[in-house]
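Numbering follows UniProt numbering, with no gaps: position 125 of the sequence shown is 125.
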Amino acid sequence: MLAHEKLMKYIIENLTRISVQAELLGKVHFFDHHIASEHFFQQLLNQVYGYQLTNANHTRLNAAAIDLCDPHRKLAIQVTAQRQAAKIQKTVDNFANHGLGSTYSTLKVLIIGKRTGTYSTISVPPTVTFNGKTDVIDLASLVHDITKQSTTALQAIVDVMKREITYCQNASAVEQMSDEDAILKLRNLMDRPALQDPWQWEVNLNAFQDAITDLIEAINTGHISGTLSTKPRFSYSDKIMASQLAAIYHQLRLLRQLFRKHVASGEIDPFANRCMFATAQAGAAFDAQRNAINAQFNVLLAQFNHPALPAVG
Numbered sequence: 001m002l003a004h005e006k007l008m009k010y011i012i013e014n015l016t017r018i019s020v021q022a023e024l025l026g027k028v029h030f031f032d033h034h035i036a037s038e039h040f041f042q043q044l045l046n047q048v049y050g051y052q053l054t055n056a057n058h059t060r061l062n063a064a065a066i067d068l069c070d071p072h073r074k075l076a077i078q079v080t081a082q083r084q085a086a087k088i089q090k091t092v093d094n095f096a097n098h099g100l101g102s103t104y105s106t107l108k109v110l111i112i113g114k115r116t117g118t119y120s121t122i123s124v125p126p127t128v129t130f131n132g133k134t135d136v137i138d139l140a141s142l143v144h145d146i147t148k149q150s151t152t153a154l155q156a157i158v159d160v161m162k163r164e165i166t167y168c169q170n171a172s173a174v175e176q177m178s179d180e181d182a183i184l185k186l187r188n189l190m191d192r193p194a195l196q197d198p199w200q201w202e203v204n205l206n207a208f209q210d211a212i213t214d215l216i217e218a219i220n221t222g223h224i225s226g227t228l229s230t231k232p233r234f235s236y237s238d239k240i241m242a243s244q245l246a247a248i249y250h251q252l253r254l255l256r257q258l259f260r261k262h263v264a265s266g267e268i269d270p271f272a273n274r275c276m277f278a279t280a281q282a283g284a285a286f287d288a289q290r291n292a293i294n295a296q297f298n299v300l301l302a303q304f305n306h307p308a309l310p311a312v313g
């Protein structure tokens, strides 16, 4: 089998599998697969079309059900397994109602599956540029565009797909993780010297800053050392718990801001690994902030009778 044909076969087989899974899971209202698919198609579309799509974390975009955006191209994309014209119409209307047409000149809808027609009945508001025939991408049209690529480009696409399929499988497992298991994962990560050693014992200032950034990332996105390993704070079933994690997330950010404030003043030099505070209270402020973080996380641990994190000292 020729290399080009072999690569295309891999691409088509796996896109078909993703489409079938999305359709069947959607019918029983399991939407975690769609969440994982957003990340998959973000990377795939970037590779195929040269986009610079990122996850749409902006509040207005989320409210308009926009999943991916490329600010440089003024491009917004919704990823969905629903192919009905009513779904497309709702997307276009939400896009207009949130005033996104002034920021994003192009709106596209990616259907994880097969489109139902040209969507000629879609009513497009004057503030939105959208064509139901050309701006609705389904997997067939995606494959058609992929077939035009060189063998070298196809290999790069396959490499992305292999990596992202593993990511999606991991994402699905994380989404099914219980709140308790997710909290225990975070507990193991937070049980570290950066949150426990008194400031005067800190021996590696760069490592301290990196540790705080790692904790912020883990709580906010679920990523640990670059790998999706636990639930992001938005995905917890217990919304009170999610709110408590949000408070800890913001406390960690304040701790990092405190560190950066002293770097800006010259009192901390992480490159020279030197700290010379202007006041004796500065080190105590770091200890107090970390104790507040530990105490708040221990409230979460107490709900599951897990061992508390030790205080600074």
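Glycine residues also receive a C-beta, built at the ideal position from the N, C-alpha and C atoms.
Predicted model, so just to flag it, every value in this text is computed and none were measured.
Cut-off 6 angstroms between Cβ atoms - residues of its own chain near residue i, not counting five sequence neighbours on either side
| i | result |
| --- | --- |
| Leu215 | Leu252 |
| Phe130 | Val92, Leu107, Val124 |
| Gln84 | none |
| Gly15 | Per the sequence presented here, residue 15 reads as Leu, with Gly not at that position. Result list for Leu15: Leu139, in chain order. |
Nearest-angstrom beta carbon gap, residue j and residue i [assumed within contact, 8 angstroms]
| i | j | result |
| --- | --- | --- |
| Ile157 | Val136 | With 8 angstroms as the limit, Ile157 and Val136 do not qualify as a contact, their Cβ atoms being about 21 angstroms apart. |
| Glu164 | His39 | 7 angstroms |
| Gln122 | Gln89 | Note on residue identity: the sequence assigns Ile, not Gln, to residue 122. Between Gln89 and Ile122 the Cβ distance is about 6 angstroms, and since that is below 8 angstroms, they are a contact. |
Nearest to residue i (by Cα), restricted to the options the options
| i | options | result |
| --- | --- | --- |
| Ile183 | Asn273, Met241, Gln257, Ala311 | Met241 |
| His306 | Asn298, Val312, Ser120 | Asn298 |
| Gln303 | Tyr104, Arg187, Lys6, Gln89 | Arg187 |
| Leu100 | Leu154, Leu75, Ile122, Gly113 | Leu75 |
| Gly117 | Ala86, Asn94, His144, Thr103 | Ala86 |
| Asn220 | Thr213, Arg233, Thr227 | Arg233 |
| Arg73 | Tyr49, Arg115, Pro198 | Tyr49 |
| Gly141 | Arg115, Lys6, Val20 | The question names Gly, but residue 141 in the sequence shown is Ser. Of the listed residues, the one whose Cα sits closest to Ser141 is Arg115. |
| Asp287 | Thr147, Glu202, Asn97, Leu7 | Glu202 |
| Lys162 | Val20, Gln47, Ala96 | Gln47 |
| Thr227 | Ile18, Ser19, Tyr167 | Tyr167 |
| Arg274 | Val109, Ala207, Asn170, Arg17 | Ala207 |
For residue j and residue i, the rounded distance between their alpha carbons
| i | j | result |
| --- | --- | --- |
| Ala272 | Leu205 | 9 angstroms |
| Glu13 | Asp179 | 35 angstroms |
| Leu254 | Ile248 | 10 angstroms |
| Ile77 | Thr127 | 17 angstroms |
| Asp269 | Ala282 | 15 angstroms |
| Tyr10 | Ser265 | 55 angstroms |
| Lys231 | Ser105 | 34 angstroms |
| Gln149 | Gln42 | 18 angstroms |
| Arg290 | Gln209 | 13 angstroms |
| Asn294 | Arg192 | 11 angstroms |
| Met276 | Asn94 | 53 angstroms |
| Val160 | His262 | 41 angstroms |
| Arg260 | His144 | 50 angstroms |
| His250 | Tyr119 | 44 angstroms |
| Ala246 | Thr147 | 45 angstroms |
| Ala284 | Ile212 | 17 angstroms |
| Thr103 | Ala194 | 41 angstroms |
| Lys239 | Met177 | 15 angstroms |
| Arg17 | Val109 | 20 angstroms |
| Ala173 | Asp181 | 12 angstroms |
| Val28 | Asn170 | Residue placement at Val28 is flagged as unreliable, the pLDDT there being 41, under the threshold of 50; the coordinate-derived value follows with that caveat. Answer to the nearest angstrom: the Cα atoms are 21 angstroms apart. |
| Leu68 | Gly222 | 19 angstroms |
Contact under 8 angstroms by Cβ, residue i with residue j
| i | j | result |
| --- | --- | --- |
| Pro310 | Gln200 | no |
| Thr134 | His4 | no |
| Leu300 | Gln257 | no |
| Ser225 | Lys185 | no |
| Asp22 | Ser37 | For the sequence presented, residue 22 should be read as Ala rather than Asp. Yes, Cβ-Cβ distance for Ala22 and Ser37 is below 8 angstroms. |
| Gly132 | Ala81 | no |
| Val79 | Pro198 | no |
| Leu2 | Leu154 | no |
Short CB-CB distance (under 8 angstroms) between residue i and chain C
| i | result |
| --- | --- |
| Ala207 | In the structure shown, chain C cannot be found, because there is only a single protein chain. |
Residues of its chain near residue i, where Cβ-Cβ distance is below 7 angstroms and the 5 sequence neighbours each way are ignored
| i | result |
| --- | --- |
| Asp70 | Tyr51, Gln52, Leu53 |
| Ser235 | Glu175 |
| Leu45 | Tyr51, Leu53 |
| Met190 | Leu215, Phe297, Leu309 |
| Ala96 | Pro125, Thr127, Val128 |
| Ala218 | Leu186, Leu189, Ile224, Thr230 |
| Ser19 | Ile112, Gly113, Leu139 |
| Ser237 | Asp179 |
| Ala280 | none |
8 angstroms CB neighbourhood of residue i in its chain, flanking five on each side removed
| i | result |
| --- | --- |
| Ala278 | Ser265, Glu267 |
| Ala292 | Gln251 |
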